[in-house]
Amino acid sequence: MTTDTAVDAPAAAGHRGVLLRGQALVRDLWIAGVLVALIVAFSIDSPYFLTRANWLNTSSTATEVLLLAVGETFVICAAGIDLSVGAVLGLSGTAGAWVMAHAFAGPAGPAIGVVALGFAACVLVGAIFGLANGFLIAWAGIPPFVVTLGTLGVATGFGYLLNNGQEISAIPGSVVTFGNTNLGGWVPVPVLITAVIAIWCAVVLAKTRFGAYTLSIGDNREAVVRAGINDRRYLLEIYLLSGTLAGVGPARSSTWASTPARPRSRC
Amino acid sequence: MSPRLEVRDITKHYGGVQALRGVSLQVDAGEVLGVVGDNGAGKSTLLKILSGATFPSSGQVLLEGQRVRFATPAAAREAGVATVNQDLALAGPRDVVANFFLGREKLAGNWLGRRVGWLDGKAMAAHTVSELARLRTRIPDVHLASRDLSGGQRQALAIARAAAWTSKVLLLDEPTSALGVEQQQQVLDLIRRVSGEGIAVILISHQMPDVVAVCGRAVVLRLGQVAATLAGPDLTGENLVGFITGAMTGSDQ
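Chains as they are written, first to last, in numbering that gives the first Met the number 0: chain A, 0 to 266; chain B, 0 to 252.
Okay, here's the thing in structure tokens:
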């Protein structure tokens, strides 16, 4: 009878389990192989590719995109989409620069205070847009595509309104020094900060309850609701994370170049 | 002693449509009660009321003698009435452990665990293995994605999960309908084991042989009313079909 054999079945079935897990691993990791292949190919193709200067340049440029991608990973894992991140990144950069320019021109304290104020403005703007997206998606029940397409337009519009579409250049010079600081000549500070955020978010997604619910909402939201989980709260937090990371992006770049004040995305 | 779950004179109408017209039934601890009926007989409406998905228009539901009124499926589950719907509510790409603990994750007991919601993966995996072993379900590896399991294993996982988190009543909606013959037998064995642990099971099914095989009693619904309650030698596939179609009528037993 099947009932009796079932007890010792796991031993025999173990091999099949290991095989299936191996297949799943390949399914998940093949894209890393593509990256390695690209690096090898470009290194052979150009003597300038595998150099310190190119590493510093590409890694610094990649931080913004990486932060957006990290936030978007959570959103997409939860079966959503956040189209607004690019526009929010542009707006929060503009807003940060605008705040710094006004605080700098006015009777402000030391430059470090001005810079901190600018950073805070960047992150705050990102968080506000993330909250708006999350609220409209989770509670108003509007599809993420529609909501974030709308906030994309709103963010772009505000970006132009803030300074009539002009660049803002009256920013403390000290912001540049911070962003250009290298650790050991190889690790720019913004790259380090971004790496820490990315690794932390990877750990959160894989090892915490927040990550588990993010994945489960994406795979089967109905199952999550029936399990008694407050799916709306988690959706709100996911979009808040995405918006906040979009706000952190320009906080870095405004330290790196003193003219970040251009909305990067247009409708 | 009051029965584990009792339904008294339940009615439900959707506008002018009368889905249930005064249904009463009861199920005791450790009993498997079959509920059969043709499409539109009121099975799903009854299931929805018992699982907390909707309210009855009138009548009472009593859990261990206490009147209950479940606002949501989560509230029903909290009270000890778990449901396994036909769609199983599994997150396909997530592994067996994640699905087993969905909504009841174990966190690491230290400061970090409580602060950031750090999952205690080892303890959850060990608990899943022991629970599945206790109910003797055949799942090769608890770290497999649930979509990589066979249909019978998925059904077994959903039932084992519901059974592990409830101690009172388990509602099963068509648990064997999409399965092969051998897998059907495994699920029926699992249902017997679950009821053997003192859980009251209500089995809603179209598969008459299954109902005859595992149920001590079966209630036949027809046009929103109880057409018959069959038990013992009267509980045969022929009688069930007879009352479902209306070919047989008459009093209970």
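Each residue gets a CB set at the ideal place from its N, CA and C atoms; glycine is no exception.
CA-to-CA distance, residue j to residue i, given in whole angstroms
i        : j        : result
ARG20/A  : ALA245/A : 35 Å
CYS266/A : TRP29/A  : Here the model assigns CYS266/A a pLDDT of 32, short of 50, so the residue's position is not dependable, and the following value carries that caveat. In a straight line, the C-alpha of CYS266/A is about 34 Å away from that of TRP29/A.
LEU19/B  : TYR13/B  : 10 Å
PRO232/B : LEU235/A : 57 Å
MET123/B : ASP8/B   : 42 Å
LYS11/B  : LEU46/B  : 12 Å
PHE134/A : PRO142/A : 11 Å
TYR212/A : GLY79/A  : 14 Å
ALA292/B : LEU169/B : A question about residue 292/B goes unanswered here, because the residues of chain B that appear run from 0 up to 252.
GLY117/A : PRO92/B  : 42 Å
VAL203/A : PHE144/A : 25 Å
GLN85/B  : THR175/B : 9 Å
GLY85/A  : LEU171/B : 47 Å
SER194/B : GLN184/B : 15 Å
THR235/B : GLY150/B : 28 Å
VAL67/B  : SER145/B : 34 Å
THR244/B : ALA90/B  : 37 Å
LYS206/A : VAL64/A  : 24 Å
ALA81/B  : SER83/A  : 40 Å
ILE198/A : VAL83/B  : 38 Å
TRP97/A  : LEU66/A  : 22 Å
ALA39/A  : SER58/A  : Before going on, a small fix: residue 39/A reads as Val here, not Ala. Answer to the nearest angstrom: the Cα atoms are 17 Å apart.
ILE148/A : LEU49/B  : Contrary to the premise, residue 148/A reads as Leu rather than Ile in this sequence. Going by the C-alpha atoms only, they are around 42 Å apart.
GLY242/A : ARG26/A  : 29 Å
GLY36/B  : THR53/B  : 20 Å
VAL33/A  : PHE128/A : 34 Å
PRO55/B  : ALA75/B  : 14 Å
GLN25/B  : ASP147/B : 38 Å
GLY152/A : GLY140/A : 20 Å
GLU181/B : VAL200/B : 21 Å
GLY116/B : ILE237/A : 15 Å
GLY58/B  : VAL146/A : 43 Å
THR150/A : THR193/A : 25 Å
GLY108/B : LYS121/B : 13 Å
Chain-order list of residues whose beta-carbon lies under 8 Å from that of residue i (same chain, five-residue window excluded)
i        : result
ARG51/A  : GLY184 and TRP185
VAL186/B : GLY151, GLN154, ALA155, ILE158, PRO174, THR175 and LEU178
ARG192/B : LEU134 and ARG135
GLY241/B : MET247
LEU55/A  : ASN181, TRP185 and PRO187
LEU202/B : VAL31, LEU32, GLY33, VAL34, LEU171, PRO174, ILE190, ASP209, VAL210, VAL213 and CYS214
VAL17/A  : none
6 Å CB neighbourhood of residue i in its chain, flanking five on each side removed
i        : result
ALA97/B  : none
ALA137/A : ARG231, LEU234 and LEU235
ALA40/B  : LEU220 and ARG221
ILE60/B  : A quick correction: the sequence has Val, not Ile, at residue 60/B. So the qualifying residues of the chain are VAL6 and VAL67.
THR71/B  : GLY51
CYS200/A : VAL69
Best match in the options for proximity to residue i [C-alpha to C-alpha]
i        : options                                   : result
LEU90/A  : VAL190/A, LEU123/A and ALA61/A            : LEU123/A
GLU5/B   : GLN17/B, GLY15/B, GLU30/B and MET247/B    : GLU30/B
GLN206/B : LEU239/B, LEU220/B, ARG66/B and GLN154/B  : LEU239/B
ARG208/A : GLU104/B, LEU220/B and VAL60/B            : GLU104/B
ASP94/B  : GLN152/B, GLY116/B and SER50/B            : GLN152/B
PHE99/B  : GLU130/B, MET0/B and SER56/B              : GLU130/B
ALA226/B : ALA246/B, GLY120/B and GLY215/B           : ALA246/B
PRO2/B   : LEU62/B, LEU49/B, ASP188/B and PRO72/B    : LEU62/B
ILE167/A : ILE237/A, SER42/A, GLY95/A and LEU49/A    : GLY95/A
THR155/A : GLY125/A, GLU221/A and GLY217/A           : GLY125/A
LEU101/B : ILE237/A, PRO187/A and VAL223/A           : VAL223/A
VAL268/A : ALA68/A, TRP54/A and CYS121/A             : Any answer about residue 268/A is impossible in this case: the structure gives chain A only from 0 up to 266.
GLU237/B : GLY215/B, VAL128/B, VAL211/B and GLY223/B : VAL211/B
ALA61/A  : PRO189/A, LEU37/A and GLY140/A            : PRO189/A
ALA125/B : GLY21/B, VAL218/B, ALA28/B and ASP140/B   : ASP140/B
GLY217/A : ALA73/B, ALA88/B and GLY21/B              : ALA88/B
TRP164/B : HIS142/B, LEU143/B, GLY108/B and GLU196/B : GLU196/B
ARG160/B : ASP188/B, LEU143/B and VAL128/B           : VAL128/B
Sequence-distant residues of its chain with Cβ nearer than 7 Å to residue i (five each side left out)
i        : result
ARG113/B : LEU106
ALA78/B  : LEU62, VAL67 and PHE69
8 Å Cβ cut-off: residues of chain C touching residue i
i        : result
LEU106/B : The question asks about chain C, but that chain is absent: this structure's protein chains are A and B.
Whole alpha helix (DSSP H) runs in the region 63-144 of chain A with 4 or more residues, listed along the chain? 84-104 and 110-137
What are the uninterrupted segments assigned as beta strand (DSSP E) that are 3 or more residues long and contained completely in the region 55-112 of chain B, given in chain order? 57-62, 65-67 and 80-83
Sufficient close CB pairs (3 or more, under 8 Å) joining the region 65-82 of chain A to the region 212-225 of chain A: The answer is yes - the region 212-225 of chain A touches the region 65-82 of chain A, with three or more Cβ pairs under 8 Å.
Could you tell me which whole beta strand (DSSP E) segments of length 3 or greater appear in the region 138-179 of chain B? 168-172
Entirely enclosed beta strand (DSSP E) segments - the region 7-40 of chain B, minimum 3 residues: 16-26 and 31-36
Completely contained beta strand (DSSP E) runs for the region 204-235 of chain B, where each covers 3 or more residues: Secondary structure within the region 204-235 of chain B: the beta strand (DSSP E) runs of 3 or more consecutive residues, fully enclosed, are 216-221 and 224-230 (chain order).
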